[in-house]
Structures are given as structure tokens and as C-alpha cells.
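Please read the structure below before turning to the comments.
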Amino acid sequence: MMNAQKSKLRPSDDAGSHPAPIRQALRTLTAVAMLAGYGLLAACGGGATTELNPNVGGSGPAGYTGPAAQNESVRNFQLEIWPQLKTNCGNCHSPDTTANQEPYFARNDDVNQAYNAAITVANLNDPAASRMVIRVGNGHNCWQPTDSQCASDMTTWITNWANGGSGGGGGGGGGLVLSAPTYREPGGSRAFPASATAPSPSFAETVYPILRANCSGCHSEEAPAATRNSPFFASPNVDTAYTEVKPKIDLGDGDIPMSTPITDKVANSRLVVRLRDEFHNCWTASCDDDALEMRNAIIRFASAISAGGLDPADLTVSGALTLGEGLLATSGARYEANVIAKWEFREGTGDIVADVSGVGDPVPLRIFGLGSTVDWIGGNGLEFRGGLAQATSDASNKIYDRIANGTGEYSLEAWVIPANVTQEDRFIAGYTQGNDDHNVMLGQTMYNYDFVNWSSASGRTNDSALSTPDAAEVLQATLQHVVVNFSPTTGREIYVNGQLMAADNATGSLTWGADYVFSLGNIPGGNNATGWFGRIRMLAIHDRVLTPEQITTNFDGGVGEKRFLLFDVGSQDGVPENSYVMLEVSQIDDYAYVFNKPVFVNLDAAWTPTTPIPIEGLRLGINGHLAPLGQAYAYLDTQVDSANYVAGVGQVLSDIGTIIPVENGPDSDEFFLAFEVIGNAGTAYVENDPPAPLRAEPDPMPAIGLRTFEEINQTMSELTGVPTTNPAIGGANGTYTTYKQQFPSVENIEAFLSSHQMAISQLAMTYCDELVNNRGTIDRATYFSGLDFTAALPTDRSVIIDPLLERMMNVVPGNAARSVTSQPAEADLRLELNNLMDALCANSACTTGTRTEQVVTAACAVALGSATMLIQ
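Residue numbers 20 to 891, in the working numbering, belong to the letters of the sequence shown in order.
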């Protein structure tokens, strides 16, 4: 065991006590960090609201005659965000307005002073964490229909400012500036208790009664089929409900004081958000009251859960971080110079998906069917189950103007996850007017992607689509990058995961309709017959064709929000201060996180290792314990040395990635690293013995079995005297030949299917027909002694029933000792056969020899095809 720790001054401590080179490095590395002052964006003249505020105008972007931008960063500010700030915030945040509200980032007299004001409330390293974004996201003078749209707009503008160009800056993008996170010991987070009923107050005592009383009409397996909807967190089984509800509860809400007004919107649990912000099936007249009841129940449940500490307690660990504390990766890995609309689905809530392209008027999408046929998914995205997200016709005009009236070419790019490979003629995304009428359509037909483009060379209907090859089975039910291109000179192309999979020469000019709308998941007014089942995680429209190289760049760049988590290891003996192990982390869905490529880096840009630093057995931890799965770095055995470490860049420890399960959700899950060896410290890892397997008592084997196909055929032949070689039985078109594959192939009676009995009945009928028509080895007059086949059916039916019972069921009238005790009694058998003949004669008089033959054949088939023949 090596647990030696040494005292260190954290980067968050007084920087003045650091040596000069380190102070300089820290100043450099945190130069772009946000310095958000308290109340810097206080409400202008009357306070924040959540209403749709009018565009307050202000100075506007035109007519600037002030000093020129002093440097490139100010110039980027001037081009990428200043016009939007003046348009949307200029009525308050400018010194020449009545409101005269600081900071003056929307002033029009001096762009350099506006920049100096804006940099205090913008975080160029993590735009989403900017004070500007937080304020408008909480309803401060929002110019869009929803607060989340305003937050998305502001995030996009700050991102474009940081990257030096709108829509991704032509594929450039600013470099990531590493800054030290606040140090926190791991093991301080909550984890869901193992049981729904303990400890007290438990889930069963707090949240579950509310769910059961108010949500079971939909979110329960016993709900009517028309309204039944997963997850089943209102199940009558409390354990099922507990398992289903965990992703919808943020245990961090346990820290909220009960007295906090619900309008403060500090609770993050999805159960609360759905009521508070989305007004989803509130059970009283006040959704705020219902949300408050739900929030307070979650507080009672979560606040009673204590932090579990480290398990095991003697682990050698790094500092702890949540996903939100990571540094947001820039979008420089993508080519987006010609993006005109882009949806990243990063809202995670609400019924509006914002266009985050930052180009021209936005094209927001409204979700129809939220909570039933459309759902938000973790890691950014929407899951469609027949629902849709649709723009208005007016908003969609941007697509028409930029492409049909503009470049005449385009690319539609998407990251999608089809739910299956069986759905046909389904609409994934497009610019459309309805079923079979599209300007553009990306669709699915089983294993194929379909691409409709309305031009002078190709139609607007589904049957004019270019599709990927059937034999290639390109479309799979997994995450795929799909790009469809149209150029008037090269025609249509479909790329999947960076590879060209289909192309044609349907060149010519676009003939689009101007009144169409853009939608995802289904056509406007569509239903389950047209709606697509699957997930969309990103979609973008480019008004120029993406080249193969640009498509490869965007495919390699991946999808979803990625963050760099810097795990502090500088407190370990033998490891220099300001040392971190950095991993790229993202949430891929509701169930998993991806950790990729650990890098050892020291934030002193001049530092290089003078002696090797060994690192062995790196393991990922979550919420105080080691992750049960995904320990891909457990066998890491390397060292950080001067031969491999690059000053200011770091050293890659492993170039592989791994996946670990989500536990409490991305807002609450706390990650850390554990080491068997790091520097002079470490803790030997001991594999626990696997638990003894549960003693499983095998299910009792049936005492009876089935005759298989060849045994059935031989048995029926023996009982009727009709040879198996009879043409009607074993001939090329004989019943046995035809139905052989449909008979039981194994003796296990639990494998018996209804289709087996249908084949047995067909074969029994054929054997009895051959017997009655004297095509067997036993004459029918001998088999049915005393029966005249040329006369009417006799009243005394024993001449028919007695031979069948004796020959086929071993039942001799008056001799009970011959009967099989496990089959029905003789009297019951006689009754069933008599009832059958009564029914046949009721429908058609049994007065002719022909009808007698038919009735005898039917009775014979019933006896022959019974369980007595089949069971052994």
C-alpha cells in the first residue's frame, strides 16, 4: 500500500504564493475565463419575466463610425455577436439609453469598450456557462418565444465569437485553453439507495405516492393501450417504478431549501421540469403548485440520502468533477463554412428546437407529440416514434431563399440512429408539403436510405428517390452519419459514415415549391404509416455541396457535446503540482458516458518531466465507487517522461475510449480516477472474488414428449394400414412431403406450436381419406366391420366409433384394463365423436353413401390426430 500524500497549494488558492513561472502560466491559461460579477445583467427597468418580450431595437448593427477594433478578438466580437447584442439588448445595455444599464456591451459608439464590457459576462472557453446565457435563459428580456431559444441563440453567438466565425468559422475554431478546475475530494455525492422502500423517508414514502395517484393513467403497464407510455414510473410495482424513475430524478435537488419558490427554477429533476416548464398533464389548475408538490417530495427523498464516501476507502484518487465542470470542446473539428441552419438539440426540454447556425433568421422547430411520440434523449437529441418537429412556412423560407433562389446546390447532413431495419417508406427529414410531395426528403426503406430532390431531372415523389444499394444493407440500427448532396452539375449523392454509397447524374436546376415546410420525423399531418422511428442527434443544412474531404472531417468530428475533464493528480507524492489527467467525456444517450484518450498534462506551459512518473492501473470512478463496467484502462502500464511529453500539450496515456453507465444523471454524477501506481503513490487493486452462483434448481422435465415428424408419419401409417409410400402421403406432392417441415422436430413438449397441430390435422385427414377409399392394406369393410359405406349413416354409430377407439386409442368397449388411464374416459371420447357426427349431419343430411364416407373420414381424422397418437 502506498497512500502518501503531500501538502500542496491548489490553483484556486492565492496565486501570489506560487513561483513566478507558475503564476505567469496560470494567468495565461485562465486569460479567457469568465469573470462574472454579481448582478451585472440585472433586469432592465422592472425585472425579468418569462414572457415573450418585444425586440427592443436599440442602436442596431448599422451606422457604426467609432474607433476600429484594436485586435482580432475585438474584430471577431464586432462581426459575430455585437450586431445581435445591439439589436436585442441595445435598448438597455448602452449608455445613451433611458435605462442606462451596465454593462454596456451593446453600446454603439466604441466597439472596443463594448468588447471590454462583454468579456466580463461571457465565457469564451465555455459559452453555455456565460452569464449572458444564464440570464436570458432565466427569462431576462428574451426575444424568442421561449427562454431556451434565447439561451441557445446567445450560446451560438458567443461560440462564433470565440471561434472567429459564424457557423463554425469555416471549419477553423479557436484552440481550447486549459484552466484549472476547483479541487474537490471524491465521494461527496449522493447515490440512489438500493431499495425503493428504505431507508426512510424512502422513494416509496415520498415521490411514489404522487406518481401513482396522478401519472398511472399513462406511465404504468396497466394503463389503457391508447395512453400507455414508458417509462413506467407509476407502475403498481414500486420496485419497477423505482427503476424506471431514476433517470428522471436529480439527487442534487436534495440541497434545495423547501422555502425556495418554484418560480426560481432551481430544481433540475425531470419530473419537476415537465410540470413547471412544460405544463405536462398537471393534475390541478396550477402547474406551479403540482411542480412544487413534486419538488418537495424529491427534496424529502434526496436530502435524506447521505454521501457515501469512497468505496473502498483507501483508493489513491484524483480530484472529482461533474460533467458540467469540464471544458467545452470547440467546434473546430467540423467544416461549417456554408451552414445556413443547424439543430443540435441541446435544449433537453421544452417543445422548441433552436436553430443554432447563427446565420440569418433562425428556423426553430416546434415538437408535436412531446412525451408520447417524441422525447428528448440524454446527450442531445430527439427520439421519434411517429411524431415530428416542424418549422413554420415563413421560417422555412430561409432554406428556399438561400438554396433555390441562391446557390442552387446544397448538402443535408444528419447524425441518426434508426430504431430498426424493418420500417418502409418512412420520412426522416425534409423540406416538404406532405406525403409524396417533397422539395427534399431523406427517408428510410428497410436497409436503405432514400433521397428525393425535386429538380428538372428528378421528381418530387417517393418513387423518384435515389436509394442506397439493397445488397449493401447500408442503413443499420446504430449511430450513423448521413449526408445527401445535390449539385446541378454532378447530381445526387448519398454518403454514409464518410463513404459514398449512392450517386446518379440527375443534374439540372432546382424546381422547388416556395410554400413548403421543413420537418423532422414525419411529414406535416402525418401518422404512424409515414412517421419514422429512430433518433436524430444533429442535423445541418449547407447551401453549398460538402466535398468528400469535408464530409470525412465532419464524420471524424463526431456528434454531441464533448467536454474535457481535468482530474487533479498534483497532490500525489512524486507528481508535480498543477498536474492533471485529462479525458474527453460525453454523454451518448440516457444510459452511458464515453471516456476517451487520457492525457497527462501540466498547466505550467514550460514544465517537462525531469524524472519519469509511472502510471499503472487507471480506473474510472463514479459517485464514490469504481464503475462496475468499462474499465478499459485497468491494465495501463506506462510512464510520463521527457521522451514523450510535449511541453504545453501533454502526453497521451492511451489512445482508446470506453463507456461507463449513467447513474444519477449528467447533472449529478461525480467522476474521479483511481490508480494502482501514480508517481510514488498508489493502492494495489484486489479483485473481489466473484459471488458464488445462485443455486438454480432446474425446471422439472415433463414426463411426456412428442413424436417427431418421422415418428408421426410411421404411427399414422401403422394405425390406418395406409403405407407411407402412398402417393397422397409420400409422393412428390403428398401431404407428408408438403408439410414435413411443419411437424415437430424435437421431442420436447414445451416446443409444441399451433402450426404443428395444423400439419398433423392435414396428415391425419389424408391418411383417413385413403383408408375410407380402400387405398390401404386393410380393407375398409374389415376395419369398420358391419358398416355399409353405400348406405346412409347408421343410427348405431358404434360400428364407426368402436374400431376407432380400439385401433387408435387402445380402448376396448367393456374392458377398462386395456384403456390408458392418463387419457380421457371412454364415455367422454364417445360423446365427442358422436357430437362431431351430429354436427356434420345437421349441416348436410347423412343419407347417402358419399356423405357416410365423408363423416367417417372426419371422425377417423379426429381420433388419429389426437394427443393419443402424438404423445409418447
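For every residue, glycine included, the Cβ atom is placed at its ideal position computed from N, Cα and C.
These numbers were taken from a predicted model, which means no experiment stands behind them.
Reference residue i; option with closest CA among the options
i    : options                : result
S764 : S773, L725, F364, R445 : L725
A700 : L334, D330, N546, S235 : L334
S506 : T566, T549, A548       : T566
E17  : C787, G753, A316, A223 : Given a span of 20 to 891 for the chain in the structure shown, any question on residue 17 remains unanswerable.
R319 : S337, G273, I675       : G273
F124 : T117, A133, A118       : A133
N683 : G397, T178, I153, N357 : G397
A491 : Q120, M520, Q733       : M520
Y419 : V459, G388, S249       : V459
C169 : N424, P381, A476       : P381
F583 : E789, S198, S167       : S198
I555 : S804, R404, N745       : R404
I779 : V671, G833, T754       : T754
S483 : E443, D455, Q499       : D455
I607 : M888, E825, L401, G377 : L401
M828 : A846, R816, I797, T727 : A846
R563 : Y466, A423, H457       : A423
E730 : Q891, E240, A356, N467 : Q891
G740 : N792, G750, E240, V696 : N792
I634 : L648, Y599, S235, L290 : Y599
G462 : G478, K265, A433, D444 : D444
T814 : M777, A864, Q776       : A864
T549 : Q442, H500, G369, A323 : Q442
V613 : G676, T116, R479       : G676
T840 : T887, S149, S773       : T887
Paired residues, beta bridge with residue i - DSSP
i    : result
V600 : F586, F619
N834 : V831
V907 : The requested residue 907 does not occur in the structure, where the chain is confined to residues 20 to 891.
M460 : G449, V471
L529 : S474
T341 : E689
A521 : I513
Q842 : According to DSSP, which records beta bridges pairwise, Q842 is partnered with nothing at all.
I641 : H644, F690
Own chain, CB closer than 7 Å to residue i, minus 5 neighbours either side, in chain order
i    : result
R231 : A253
F298 : C306
C301 : L294, D309
S208 : A326, N642, G643, S687, E689
R868 : Position check: residue 868 holds Gly in this sequence, whereas Arg was assumed. Excluding sequence neighbours, G868 sits near F808, T809, A810.
K27  : Model confidence at K27 stands at a pLDDT of 34, short of 50, so the residue's coordinates are unreliable and nothing is read from them.
T508 : T526
Close beta carbons around residue i, own chain, < 8 Å, minus the five adjacent residues each side
i    : result
P86  : D129, V130, N131
G544 : G453
A304 : none
T282 : D307
Q24  : Residue confidence for Q24 is low, a pLDDT of 37 falling below 50, so the modelled location carries little weight; the figure read from the coordinates is stated next. Here the set comprises S590, Q591, D592, A700.
N248 : C237, H238, A242, G390, S391
Q658 : P631, I632, P633, I634
CB-CB length for residue i against residue j, believed under 8 Å
i    : j    : result
D330 : S687 : In fact, because the Cβ distance is near 17 Å, the residues do not count as touching under 8 Å.
G669 : V604 : No, G669 and V604 are not in contact; Cβ-Cβ is about 16 Å, not under 8 Å.
L342 : P685 : 5 Å
V681 : Y610 : 6 Å
A624 : G667 : 4 Å
I560 : V502 : About 11 Å; that fails the 8 Å criterion.
F537 : A410 : 5 Å
E366 : V372 : 7 Å
Chain-order list of residues whose beta-carbon lies under 6 Å from that of residue i (same chain, five-residue window excluded)
i    : result
S885 : none
T6   : In the structure as shown, the chain starts at 20 and stops at 891, and residue 6 therefore has no counterpart that could be examined.
G640 : F691, A693
L104 : F124, A125
A414 : V382
A880 : A783, M784, C787
Neighbour flag for residue i against chain C, beta carbons, 9 Å
i    : result
I560 : Absent from the structure: chain C. Only one protein chain is present.
Closer than 8 Å: residue i CB and nearest the ligand SAH heavy atom
i    : result
D129 : For the structure depicted, the ligand SAH is absent and the ligand set is empty, with no information on it obtainable.
Practice prompt. Any chance you could list the beta strand (DSSP E) runs of at least 3 consecutive residues sitting entirely within the segment 678-730, in chain order?
Written response: 689-697
Discussion item. List, from N- to C-terminal side, the alpha helix (DSSP H) runs of 4 residues or more that fit wholly inside the segment 226-275.
Written reply: 226-234, 257-264
Item to complete: Would you list, in sequence order, the uninterrupted alpha helix (DSSP H) runs of no fewer than 4 residues that lie entirely inside the segment 743-797?
Response: Fully enclosed alpha helix (DSSP H) runs of 4 or longer: 746-749, 754-758, 773-791.
Practice prompt. Within the segment 345-431, note down every full beta strand (DSSP E) run reaching 3 residues or more, in order along the chain.
Written response: With a minimum length of 3 residues, the continuous beta strand (DSSP E) runs that stay inside the segment 345-431 are 358-362, 384-387, 393-395, 401-404, 407-409.
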